[in-house]
Amino acid sequence: MNTDELELALFKAERRVLEIQTKLHRWATENSQRRFKDLFNLVSDPAFLLVAWARVRSNRGARTAGVDGKTAYSIELVQGVELFLDRVRSSLKEQNFRPVPVRERMIPKAGGKKRPLGIPTVRDRVVQASLKLVMEPIFEADFHPCSYGFRPGRRAHDAIAETRMITSNTYEWVVEGDITACFDEISHTALMDRVRNRIEDKRMLQLVKAFLKAGILGQDGAKRHSDSGTPQGGILSPLLANIALSVLDEYVAQHPGGPNVTHSVRTGRRRRGQANYRLIRYADDFLVLIAGNRGHAESMRAEVAEVLSPMGLRLSTEKTRITHIDEGFDFLGWRIQRHRKRGTNRHYVYTYPARKALSSIMAKVKTTCQRMDLSQPLDALLRQLNPVLRGWCEYFRPGVSSATFQYLGDYVWKRVVRWLYRKHSRFRWKDFRRRYCAGGTWPVSDKRALFDPGKVRTTRYRYRGAAIPTPWRTTA
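In full-length UniProt numbering, the protein residues as written are 1 to 476.
Encoded structure:
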């Protein structure tokens, strides 16, 4: 199959997949008790497998191999996409498909710690992607609007916008939730029970369980059994984690002071000294916002721990804190805090880049400049710096970020100029300006200028609330 034929086949496959997903989502929305049968045939459907391959192939991890040493590119060149997918489909149809252990890699975290990342083989990734194409529209019908992480059409900015809106309206106490090793400790039994609430197809359930039990090949070469958790790095893992953590969403939604009660009920509760609650969750990071007092927040923290316990999850005693909005807190890289507006006596909730996020991007800039070979031209350094700086500023544009952007711009300028001084130790400033700044003061190469964070204009992200659309229209 040549490139044009593959593109046409992919276009047709995407249309077919979208049509079937729309039906699944509509049926799941119309009947919250429905359990779906005969889904396994969709997982092995040629259209679903082709779309799954396209998503794996376009993913940043396509160049990363699993335990078999094969990448998406090597499969494309050596075996061919059509033959590869035919073999995957045959193994699924004949029910002899067996996931292999994921390849473990330790990824550095802030504070010097490391977290495990499980890298499945490309074959397993394609099957997981096909599973997700089938399962996601069904479970999306059950997920609550308070959940934002790894869901179609939703993003971190929505979570931040809702947090700002709610904390501006009497919800002043915050439980900053942190789950200890969430992806590693999810109970397989409890998770599969929640999956069975919607899926009746035994072959489908066996395939999901097989991925959970596939095992881990450690960096030391030793194979370990996976008795709990879902490996970070797997395509299906974020969806399974959301299924497990939706138990918390349901608990807060059904709480007498939760978001589903009317305004008059919430007002009556506050008059009687009772609290109201709202949950905002992005994957395993969550906030419980409380309109009440610190005692109510402490009680809710204990309740959250009890709700998560049957799923095998524990709250971190060190990182789960109770904070007042005037003290401020960090969430998804943002600092959220209430301040008095300059020149007035009125107080507002502001969002701006957290110090930890600023320190992280500054460390990346510093490391990039230190590791760049002095024999390389300036353009090589700018090629590495610009995308990182542009992406960071784009994420933090919808906030009070101008001062931070200006500070970052000054820091980047100093780091690049210092690299140039190391490259040309005998140059004077006027030499640098003539050769690397086009007579000005800002570094430019013959192809591009150094990205200037200080020139980025901030915006306001519009709060979308519960009106965020899904990719699937539920109307017939």
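C-beta atoms are modelled at their ideal positions from N, C-alpha and C, and glycine is treated no differently.
In this structure, DSSP gives residue 173 an extended state, which the three-state scheme calls strand.
Remark: C-beta atoms of residue 258 and residue 183 do not approach each other more closely than 8 Å.
Counting only runs of at least 4 residues, the region 94-159 fully encloses the following alpha helix (DSSP H) elements, listed from N- to C-terminal order: 122-140. According to the DSSP assignment, residue 330 belongs to the beta strand (DSSP E) that extends over 329-331. Leaving aside the five residues that flank residue 114 on each side, the residues in its chain whose CB is nearer than 7 Å to its CB run, in chain order, 106, 107 and 108. Within the same chain, 374 come within 6 Å of residue 423 by CB-CB distance, once the 5 residues on both sides are set aside.
Annotation: residue 419 to residue 393 spans about 23 Å, alpha carbon to alpha carbon.
If the five residues before and after residue 137 are omitted, its C-beta is found closer than 6 Å to the C-beta atoms of 21, 24, 25 and 472, all from its own chain and listed in chain order. Three or more beta-carbon pairs separated by less than 8 Å link the region 279-291 to the region 162-170, which places the two stretches in contact.
Nearest to residue 317 by alpha-carbon distance, out of 99, 161, 446 and 180, is 180.
Separation of residue 404 and residue 35 (C-alpha to C-alpha, rounded to the nearest whole angstrom) is 50 Å. Looking from the CA of residue 261, the closest CA among 278, 227 and 243 belongs to 278. Measuring C-alpha to C-alpha distances from residue 57 to each of 39, 40, 81 and 67 identifies 81 as the nearest.
Between residue 89 and residue 49, the C-beta gap is smaller than 8 Å, which places the two residues in contact. Between residue 194 and residue 243 the beta-carbon gap is near 5 Å, inside 8 Å, which marks them as a contact. With a contact defined as Cβ atoms closer than 8 Å, residue 44 and residue 12 miss out at about 18 Å. Residue burial annotation: residue 83 is exposed, with fewer than 16 other C-beta atoms found within 10 angstroms of its C-beta. Judged by beta-carbon spacing, residue 453 lies within the 8 Å limit of residue 389, meaning their Cβ atoms are closer than that value. For the pair of segments examined, the region 318-335 was found to touch the region 349-365: the number of CB pairs separated by less than 8 Å reaches three. Ranked by Cα distance from residue 437, the first of 341, 124, 54 and 449 is 449. DSSP, read as helix, strand or coil, puts residue 251 in helix.
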